[in-house]
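**Q**
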Amino acid sequence: MELRKNYFADQRKDDLHEIGQPRPRSDSPGHVTGKTAYFADRNFPGMLHLKMVRSPHHHARIRSINTSEAEKHPGVVKILTAKDVPHNVYTILILIQIGPEDETVLADGKVRWKGEAVVAVLAETERAAQEAAAKVKVDYEVLPAVFDMEEALKPGAPVVNEYHGQNYYLYDSGECRKVRFGDVEAGFAGADHILEQTYQSSPIEHAPTETTGCVVVPEGNDRFTCYTNTQAMFFTLDNASIILQMPGSKLHFVGGTVGGGFGGKVDVIVEPIAILGAKLTGRPVSFIYSREEEMQISSPRAAEKVVIKDGVMKDGRIVARKVTGYTDAGAYSRHSPYGAQKGAGHYPGPYTIPNVWIDTYCVYTNRTPSSAMRGFGVTIGDFALEVQMDKLARLIGMDPLEFRFINAYRDGDMKAHRQPTEGAALIECMQEASRAANWPVAEKYLAMSSYTKGA
Amino acid sequence: MAKVPVQFTLNGTEKAEFIDSGTTLLHALRDKIGDTSPKGGCHQGTCGACSVIIDGELRLSCLTLAETCNGTAITTTSGLSEGGVLHPLQRAFLDAFATQCGFCTPGMIMAAKVLLDHTPTPSRDEVVEALSGNICRCTGYEPIIQAVLTAARSNSQHAA
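Chains A and B are the protein sequences, given in the same order. Everything in the first sequence is counted per my numbering, starting at 5 for the first residue and increasing by one. Everything in the second sequence is counted per my numbering, starting at 392 for the first residue and increasing by one.
1. Interface residues of chain A around B:Phe484 at Cβ under 7 Å?
2. Quick check: the Cα distance between A:Val125 and A:Tyr173, rounded to an integer number of angstroms?
3. Our contact map puts A:Gly507 next to A:Leu84 with C-beta atoms below 8 Å; I'd like the distance itself, whole angstroms only.
4. Return no unless some Cβ of chain A is closer than 8 Å to the Cβ of B:Ala440.
5. Considering A:Val391, what are the terminal residues of the beta strand (DSSP E) in which it resides?
6. Among A:Tyr449, A:Ala429, A:Glu179, which has the Cα closest to the Cα of A:Phe409?
7. Below 8 Å on the Cβ atoms is my contact criterion, and I expect A:Arg305 with A:Pro207 to pass it. Report the Cβ-Cβ distance as a whole number of Å.
8. Counting only beta-carbon atoms, is A:Ala278 nearer than 8 Å to chain B?
9. Could you name each continuous beta strand (DSSP E) segment of 3 residues or more that falls completely within the stretch 427 to 485 of chain B, going from the start of the chain to the end?
10. May I have the straight-line CA-CA distance separating A:Glu154 from B:Ala440, to the nearest angstrom?
11. Mind listing the chain A neighbours of B:Leu477? Cutoff is C-beta to C-beta under 9 Å, in chain order.
12. Which residues of chain A have a Cβ atom closer than 8 Å to the Cβ of B:Pro511, listed in chain order?
13. Under three-state DSSP, which class holds A:Thr95?
14. Which residue comes first and which comes last in the beta strand (DSSP E) that contains B:Gln491?
15. Please state whether DSSP places A:Asn70 in a helix, a strand or coil.
16. Identify the contact partners of B:Cys433 in chain A, using a Cβ-Cβ distance below 7 Å as the criterion.
17. What is the residue span of the beta strand (DSSP E) that A:Asp363 lies within?
18. Tell me which residues share the same chain as A:Gly329 and place their Cβ nearer than 6 Å to its Cβ, disregarding the 5 neighbours each side in the sequence.
19. Any Cβ of chain B within less than 8 Å of the Cβ of A:Glu214?
20. If you draw a straight line from the alpha carbon of A:Gly103 to that of A:Ile322, how long is it in whole angstroms?
21. Please state the DSSP three-state secondary structure of A:Ala451.
22. Could you check if B:Thr414 is buried or exposed, using at least 16 other CB atoms within 10 Å of its CB as the buried criterion?
23. Going by the beta-carbon positions, is the gap between A:Arg460 and A:Met51 smaller than 8 Å?
24. Name, in chain order, the residues that DSSP records as bridge partners for A:Gly315.
25. Tell me whether A:Ala459 sits in a helix, a strand or coil according to DSSP, three-state version.
26. Could you give the residue range of the alpha helix (DSSP H) that holds A:Lys283?
27. If you check the beta carbons only, do B:Cys453 and B:Gly436 fall under 8 Å apart?
28. Is A:Phe12 helix, strand or coil by DSSP?
29. In this structure, does DSSP put B:Arg528 in helix, strand or coil?
30. Tell me the rounded alpha-carbon separation between B:His418 and B:Gly462.
31. In angstroms with no decimal places, state the Cα-to-Cα distance between A:Glu297 and A:Tyr203.
32. Using a beta-carbon distance below 8 Å, is A:Val220 in contact with chain B?
33. Have a look at B:Arg544 and A:Val122 and give me their C-alpha separation to the nearest angstrom.
34. With respect to the beta strand (DSSP E) encompassing A:Tyr144, which residues constitute its N-terminal and C-terminal limits?
35. Counting along the chain, where does the alpha helix (DSSP H) carrying B:Gln398 start and finish?
36. Rounded C-beta distance between A:Ser59 and A:Lys141? I'm assuming under 8 Å.
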């Protein structure tokens with residue numbers, strides 16, 4: 005590794021002891037010897053296995069649920085439905101006052117996506133739980149479903165989630181998160197060229213090698229130990245406390261060892277129902293997603309649609325940018341209202357643009373609820389923005405890297421969401437990239453600095 | 392349900408269990424015998440996390456019925472170090488930063504061990520081919536390949 009010491013030399017002492025040095029990871033010895041304890045490596049006498057009965061429909065009313073045949077299946081110990089869950093309607097971000105509660109632990113009266121959990125079956129073996137789950141009879145009245153974000157936003161579209169009442173998340177700013185900076189229409193009017201493009205992405209599954217799950221043990225001290233591979237220990241503990249109406253002091257979460265997460269294990273899905281199962285049976289409970297559930301049931305990265313309209317001058321300056329972003333939350337909020345909001349702040353990119361107008365919508369559809377994944381809210385946006393930057397450069401016949409130098413943000417520039425830029429390093433990164441990639445740019449760009457305007 | 396007896400050696404130690412017919416070797420090792428070093432990632436033979444060595448051959452324990460393993464010698468990653476000293480492959484994985492979440496690591500090491508047992512000085516292509524049945528979703532393949540090549544070099548130096 006080579007450290008470039010000529011950049012920002014005044015900001016650091018360069019007496020680095022760790023960076024650039026090989027250091028052993030504290031968890032590696034456990035990994036290479038097979039001793040690292042993942043949650044599923046815990047096995048307890050009398051442990052029950054939980055399997056979910058899931059909705060085969062994208063959108064349906066539940067007329068009735070009949071568990072009598074399943075209860076008679078050999079090995080079945082307990083069957084749970086919505087009425088067994090103390091606080092069945094929840095939303096994970098309620099912990100930071102982002103409501104409304106809009107999702108059920110077990111479906112109550114309605115299912116809103118194909119795969120939604122309806123009934124939990126606890127049995128002596130995984131096989132018995134699976135066989136009994138197949139004997140649960142649910143009578144559905146299938147409802148019209150909506151899968152496309154623009155269709156969902158049209159008047160008369162089926163309402164996906166009654167807790168919202170409309171198919172978008174209602175921000176305090178209204179039907180979308182808005183950023184308004186300068187006069188975008190005046191910017192377009194004065195621009196030499198205008199380019200409007202639409203970018204779309206599909207949901208992406210994290211596909212961790214270790215599937216989502218937990219093992220819960222009722223302890224002698226009236227507490228429950230939950231071994232889990234969640235990426236959000238305290239978020240999960242606090243939400244479990246709300247869902248189970250149980251003080252957090254009764255819950256002991258053990259985790260931190262995750263067999264691949266990538267953001268896919270931050271929702272609170274398996275733990276509350278497994279703890280409830282352990283409470284109502286007095287026995288350890290294991291709830292582990294099958295590979296099929298990991299791929300089909302766990303939250304993916306949201307599908308997104310991004311419409312970008314830019315006004316650009318022949319000399320390379322972007323003078324106006326208007327963005328409409330759509331985030332497909334699927335049937336429930338989870339982390340998507342936050343992801344869509346992040347996009348609103350992010351869409352100018354690391355560029356200084358004097359006139360900006362951004363609307364980002366968090367849209368509900370009858371698709372698998374989406375949630376966090378590596379930079380969610382900005383990753384797809386960055387793909388769209390940087391493709392747009394290349395197209396703009398081509399449009400005015402400019403080198404794409406030089407085009408980015410011209411528009412790069414620098415310390416002191418006001419961002420569209422009214423945070424002044426501090427600690428910018430884009431120019432220096434591009435200068436180094438220009439050298440490393442042997443992509444030469446004009447000398448004046450190599451003389452630029454994030455510290456100062458001019459040049 | 393009638394139980395079936397199974398008997399094999401695991402990392403050199405005799406093991407005997409009564410299992411339900413149809414139990415996979417992965418389930419028998421993890422939940423009956425208590426060796427959790429093979430991991431269950433897909434239970435359908437596609438991820439390689441459950442890889443073990445049976446009589447010198449690489450096998451997917453999630454697709455192997457335990458009752459077919461009677462009389463065999465089974466090796467898992469938990470049995471590789473001797474007297475507290477890491478196997479050269481384990482050492483190389485540690486030194487080369489070839490683990491991230493660690494879930495695929497035991498299976499990777501099994502696949503690499505079978506390669507080096509049969510081909511002590513493999514080419515890079517042979518290493519890639521040998522690991523092609525093992526998925527690392529953290530996508531740390533390059534350090535893993537380097538670790539196997541390093542272990543092969545240290546083996547050949549040891550032999551010389």
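Cβ coordinates follow ideal geometry from the N, Cα and C atoms, glycine included. For clarity, every value in this text was computed on a predicted model and none was experimentally measured.
**A** Well, looking at it:
1. Listed along chain A, the residues sitting closer than 7 Å to B:Phe484 by beta-carbon distance are Val36.
2. Cα-Cα distance, rounded: 33 Å.
3. Nothing about residue 507 of chain A can be read from this structure; chain A reaches only from 5 to 459.
4. Judged by the 8 Å Cβ criterion, B:Ala440 is in contact with chain A.
5. Looking at the DSSP string, A:Val391 is not in any beta strand (DSSP E); the run it does join, the alpha helix (DSSP H), is 383 to 399.
6. When each option's Cα is compared against that of A:Phe409, the closest is A:Tyr449.
7. Yes, they are in contact, since the Cβ atoms of A:Arg305 and A:Pro207 sit about 6 Å apart, within 8 Å.
8. Not closer than 8 Å to any Cβ of chain B, the Cβ of A:Ala278 fails to qualify, so no.
9. Entirely contained in the stretch 427 to 485 of chain B, the beta strand (DSSP E) runs reaching 3 residues are, in chain order, 442 to 445, 448 to 451, 464 to 466.
10. In a straight line, the C-alpha of A:Glu154 is about 42 Å away from that of B:Ala440.
11. Correct list: Pro33, Val36, Thr37.
12. What B:Pro511 touches in chain A: nothing, since even the nearest Cβ is about 20 Å away.
13. It is coil, neither helix nor strand.
14. Counting along the chain, B:Gln491 falls outside any beta strand (DSSP E), and DSSP gives it neither H nor E.
15. Reduced to three states, the DSSP call for A:Asn70 is strand.
16. Arg295, listed in chain order.
17. That run of the beta strand (DSSP E) goes 360 to 368.
18. For A:Gly329, the CB contacts under 6 Å within the same chain, skipping 5 residues up- and downstream, are Val310, Gly347, Thr364 in chain order.
19. Among the residues facing chain B, A:Glu214 is included, as its CB has a counterpart in that chain under 8 Å away.
20. Their backbone Cα atoms lie some 37 Å apart in a straight line.
21. Coil.
22. Taking all protein chains shown into account, B:Thr414 has 16 or more neighbouring C-beta atoms within 10 Å of its C-beta and is therefore buried.
23. Look at the range of chain A in this structure, 5 to 459, and you will see that residue 460 of chain A is not part of it.
24. A:Ile198, A:Ala324.
25. Note that A:Ala459 has pLDDT 46, beneath the 50 cutoff, so the model's placement of it is unreliable and no number is given.
26. Its alpha helix (DSSP H) spans residues 275 to 285.
27. For the pair B:Cys453 and B:Gly436, the CB atoms are nearer than the 8 Å cut-off.
28. In the structure shown, A:Phe12 sits in coil (DSSP, three-state: anything other than H, G, I, E or B).
29. DSSP places B:Arg528 outside both helix and strand once states are collapsed to three, so it counts as coil.
30. C-alpha of B:His418 to C-alpha of B:Gly462: approximately 18 Å in a straight line.
31. Here the alpha carbons of A:Tyr203 and A:Glu297 stand approximately 29 Å from one another.
32. By this cut-off, A:Val220 is not an interface position.
33. Approximately 55 Å, taken between the alpha carbons.
34. From DSSP, the beta strand (DSSP E) with A:Tyr144 extends over 141 to 146.
35. Note, B:Gln398: premise wrong, no alpha helix (DSSP H); beta strand (DSSP E) at 394 to 401.
36. About 13 Å separates the two Cβ atoms, so there is no contact after all.
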